[in-house]
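Numbering follows the numbering used here, with no gaps: position 104 of the sequence shown is 135. Encoded as structure tokens, the structure appears first; notes follow it.
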Amino acid sequence: MPVIALDLGGTRIKFGVVENGQLLASASIVVPSSDSFAALLPLIEQQIGQMMQETGSASLDGIGMAFPTIVDSDRMRLLYKYTKYNDANDLDLTDWAKTTWGAPLFMENDARAALVGEWQYGAGKGTNNLVMVTIGTGVGSAALMNGRLLKGSHYLAGNLGGHQNIRFDGHRCNCGNIGCLESEASSWALPELLKRHPGYAESPFAMGEDPDFEAVFRLAAAGEKFALSVRASCLEVWAAGILNLVYAYDPERIVIGGGVMHSAEVILPFIQNKINQAAWLPENAVTVVAAQQPDWAGVLGMGHLAS
Ligand SMILES: [Zn+2]
């Protein structure tokens, strides 16, 4: 029997009907703006029902949900406020899944689900020691050691790579700390980083260029000096963070995903070289590769976990 897997993002929910690692049907819906997860459940039920019908699935083996927050994946509870839906922590989703679908519920953090998706069906195949880093709005991470997802005593282990300290005298992060990896190089931090970068006033960004990584990489590829300098700074930050993850988790392979990987041809060799030069390991003992399932890793991984 198939399982249904959901990957809950900031504005979208991705759905997949998964059986034996195959995505039998998929959908990505924009969720109406509401701060109530309870109010969203009828829409989720409708979508699941429709997809079961599409795939001729009379019943489900399980329902998997990946959330962008810290998840107790033993008791199936969210441990921190899911900022978009303040009521999500208080709902008994296990009971909802059982009552509505007669199926067990599985929950996991979204970065861990994406790691499992890449491990089983993507760039992480063939190794049991894997770190995944997603560089997007923020920077997410997850780690697999000896074939086991790292969770730790508070379900944080491996998950908050974006908040490792890179520059103790750096910029204020949205977590309250100073100089986190993501306050030094991520999409949410980039507009402010650009303004603080030397030479901003004469840069294309001061003349109305979009303050995003697409523009930084495009202008840098064309040789624009300010963009080259910003790109160099961000690459150093990501490489420093990923080197820390190499020492923390001793992976065989690191999978990098996220929007910036449109520029993988610049990012991957830079980080690979940095690890080769700096890590206390033989050359290429750790390989740095691009995610192969950038859109559906979370759904496929959650499908695997719920099977
Ligand atoms: Zn932080």
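Note that CB positions come from ideal geometry on N, CA and C, so glycine has one too. Just so we're clear, the structure is a prediction, and the values are computed from it rather than from any experiment.
Based on Cα-Cα distance, which residue from the options lies nearest to residue i?
i: Ile166; options: Ser59, Leu336, Ser294, Asn159; result: Ser294
i: Pro99; options: Ala246, Ser217, Met138, Pro63; result: Met138
i: Pro135; options: Val162, Ile94, Gln324; result: Ile94
i: Ser338; options: Gly40, Arg43, Gly87, Gly47; result: Gly47
i: Ala154; options: Asn275, Val319, Pro229; result: Val319
i: Pro282; options: Leu266, Trp269, Asn315, Val261; result: Asn315
i: Val288; options: Cys211, Val162, Asn51, Arg249; result: Per the sequence presented here, residue 288 reads as Gly, with Val not at that position. The residue with the shortest Cα to Cα distance from Gly288 is Val162.
i: Leu110; options: Asn117, Val102, Tyr116; result: Val102
i: Ala56; options: Lys182, Ser88, Ile273; result: Ser88
i: Phe244; options: Leu191, Trp219, Ala145; result: Trp219
i: Gly340; options: Lys129, Asn120, Ala173, Ala309; result: Limits of the chain in this structure are 32 at one end and 338 at the other, which puts residue 340 out of reach.
i: Leu37; options: Phe68, Ser64, Ile79; result: Ile79
i: Gly329; options: Val261, Lys45, Asn159; result: Lys45
i: Val31; options: Ala271, Gly254, Pro313, Ala258; result: Residue 31 lies beyond the range of the chain shown here (32 to 338); nothing can be said about it.
i: Leu54; options: Val297, Met83, Gly178, Asn160; result: Met83
i: Lys256; options: Ala232, Ala279, Val277; result: Ala232
i: Ala216; options: Gln195, Gly189, Pro235; result: Gln195
i: Ile39; options: Met32, Pro33, Glu50, Leu72; result: What sits at residue 39 in the sequence shown is Leu, not Ile. Comparing Cα positions, the closest option is Leu72.
i: Asn275; options: Ser90, Ala263, Ile306; result: Ile306
i: Ala253; options: Ile75, Pro235, Asp123, Pro325; result: Pro235
With respect to 7 Å, is the separation between the Cβ of residue i and the closest non-hydrogen atom of ligand 1 below this value?
i: Ser104; result: no
i: Cys206; result: yes
i: His335; result: no
i: His228; result: no
i: Cys265; result: no
i: His194; result: yes
i: Glu215; result: no
From which residue to which residue does the alpha helix (DSSP H) around residue i run?
i: Arg249; result: 244 to 252
i: Thr131; result: 124 to 132
i: Asn275; result: 256 to 280
i: Arg227; result: 221 to 227
i: Ala69; result: 68 to 85
i: Ser343; result: Outside the shown range of the chain (32 to 338) lies residue 343, about which nothing can therefore be said.
i: Phe301; result: 295 to 309
i: Gly332; result: 328 to 337
On the DSSP bridge assignment, give the partners of residue i in chain order.
i: Met96; result: Leu37, Met138
i: Glu50; result: Gln53
i: Met163; result: Ala173, Val286
i: Val102; result: Leu109
i: Lys45; result: Asp38, Ser59
i: Leu180; result: Leu175
i: Arg203; result: Ile209
i: Asn196; result: Cys211
Specify, as a first and last residue, the run of the beta strand (DSSP E) that residue i falls within.
i: Ala174; result: 170 to 176
i: Gln53; result: 53 to 61
i: Val319; result: 318 to 321
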